[in-house]
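In the working numbering, the protein residues as written are 77 to 402.
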């Protein structure tokens, strides 16, 4: 992992727990897996703990690590550094995505609740109109009751968002996910739906699908046009889920949007989305940051302790599961 990530995620408490669970050599951590000292350590390594900034575990790295048995990731997606060759070799791979899902779901809940009353957009209006409060009537329905939230992707985060919304009893939740058993959605207190039937009912559309070839630009001009007037789009998943040229047009025509992720990231300085009062942009902050990342560290250390004890992993990743997850 990169140095900043290591210093943030693995403080004294985490290192004490790590030393109790495993034998550590020098260097304990590395950003580059091709240096002579690191290659010498890889030859002895049974378990790699990875996080943000980990290089790809390509064929030269795997050849240098004949004793490697497990890659335990102290963050979310492993797509960027665990290739098919690692699975072909039978390595155990785990993720701390469950821990990372919590702050994303919390951010999303806050965004949805504010979206009901158009809070961030009215705040932008206040700076323009000052003491003339008639601007309040220009943002449509400003209520948190009897609203419909469409959740696209019943993922780790999508499930949490659904649970949080249903526990508050404020919103009807429609869930769009073609690979999930509808019974699981119903059991969560939501309603399974097809995207085309759900969009016209959405007061808020919240995206939680993974970035896969089949989900690229799944929200394009036709889908944005299907949203009712006053709808709010919330994206805390991946920017590539949305056709941003179509999004620019839709937002120019009144669609409200809260975007924590974009495509590209960050947006170019010329993007019109920066200047629209009905668009809120945040710099990819919904996921774990700062002290929140220690929750992922705790999760990966639990996986290590279970591995050492011969217990099954709590959050394994397989080649098959990567077909439908981030």
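Virtual Cβ for every residue (Gly too), placed ideally from N, Cα, C. It should be emphasised that the depicted structure is a prediction, and the values quoted were computed from it without experimental measurement.
### Query
Is it true that the CB of residue 366 sits closer than 7 Å to the CB of residue 341?
Contact: no.
### Query
If you run the structure through DSSP and keep just helix, strand and coil, what is residue 125?
Look at residue 125 here: in three-state DSSP terms it is strand.
### Query
In three-state DSSP terms, what is residue 98?
Coil.
### Query
Cα-Cα, which of 257, 330, 253, 278 is closest to residue 461?
No statement about residue 461 is possible, as the shown extent of the chain runs from 77 to 402 and does not include it.
### Query
Rounded to whole angstroms, how far is the Cβ of residue 121 from the Cβ of residue 141, which I believe are closer than 8 Å?
Contact holds; Cβ gap of about 6 Å.
### Message
Measuring alpha carbon to alpha carbon, tell me which residue in 77, 148, 283, 137 is nearest residue 388.
### Response
Checked all of 77, 148, 283, 137; the closest Cα to residue 388 is 148.
### Task
Name the one or two DSSP bridge partners that residue 267 has.
Beta-bridge pairing links residue 267 to 250.
### Task
Note down the Cα distance separating residue 421 from residue 359, rounded to an integer number of angstroms.
Because the chain spans 77 through 402 in this model, residue 421 falls outside it and cannot be assessed.
### Task
Enumerate in chain order the residues of its own chain whose CB-to-CB distance from residue 79 is below 7 Å, with the five nearest sequence positions on each side excluded.
The answer, listed in chain order, is 107.
### Message
Taking 8 Å as the cut-off, does the stretch 226-238 touch the stretch 275-283 (at least 3 CB pairs, one atom from each stretch)?
### Response
With the cut-off at 8 Å, the stretch 275-283 and the stretch 226-238 touch.
### Message
Just to confirm the assignment: which complete beta strand (DSSP E) runs, minimum length 3, are found wholly within the stretch 202-241?
### Response
Every beta strand (DSSP E) stretch that sits fully inside the stretch 202-241 and reaches 3 residues is listed by chain position as 223-228.
### Task
Flag residue 171 as yes when its Cβ comes closer than 6 Å to any non-hydrogen atom of the ligand MG, and as no otherwise.
For the ligand MG, the structure offers nothing, since it holds no ligand at all.
### Query
Shortest alpha-carbon distance to residue 124 belongs to which of 377, 179, 400, 386?
When 377, 179, 400, 386 are compared, the shortest CA-CA separation from residue 124 is found for 377.
### Coil, strand or helix - residue 352 by DSSP
Coil.
### Message
Give me, in chain order, the residues of the same chain whose beta-carbon lies closer than 6 Å to that of residue 180; leave out the 5 immediate sequence neighbours on both sides.
### Response
Listed in chain order, the non-local C-beta contacts of residue 180 below 6 Å within the same chain comprise 233, 312, 362, 363, local neighbours out to five positions each way being set aside.
### Query
What three-state label does DSSP hand residue 176 in the structure shown?
Note: residue 176 maps to helix in three-state DSSP.
### Query
DSSP on residue 378, reduced to helix/strand/coil?
Reduced to three states, the DSSP call for residue 378 is helix.
#### Entry: Own chain residues within Cβ distance below 8 Å of residue 304, not counting five before or after
Correct list, in chain order: 276, 277, 278, 279.
### Query
Which residues share a DSSP beta bridge with residue 170?
In DSSP, residue 170 forms a bridge with 148, 392.
### Task
Measuring alpha carbon to alpha carbon, tell me which of 349, 164, 139 ends up nearest residue 326.
Nearest C-alpha to residue 326 among 349, 164, 139: 349.
### Nearest candidate by alpha-carbon position, reference residue 193, set 159, 246, 237
The shortest Cα separation from residue 193 among 159, 246, 237 belongs to 246.
### Message
On the DSSP bridge list, what partners appear for residue 311?
### Response
Residue pairing by DSSP puts residue 311 in a beta bridge opposite 283, 335.
### Local conformation of residue 303 per DSSP, three classes
Reduced to three states, the DSSP call for residue 303 is coil.
### Sequence-distant residues of the same chain with beta carbon closer than 8 Å to residue 394, five excluded per side
Its chain contains 163, 169 as the residues whose beta carbon lies nearer than 8 Å to that of residue 394, once the 5 sequence neighbours on both sides are disregarded; these appear in chain order.
### Cβ of residue 197 within 7 Å of any chain D Cβ
No chain D appears in the structure shown, which is made up of a single protein chain.
### Task
Report buried or exposed for residue 236, applying the criterion of at least 16 other Cβ atoms within 10 angstroms of its Cβ.
Residue 236 comes out buried.
#### Entry: First and last residue of the uninterrupted alpha helix (DSSP H) at residue 328
Where residue 328 is concerned, the enclosing alpha helix (DSSP H) stretches over 320-328.
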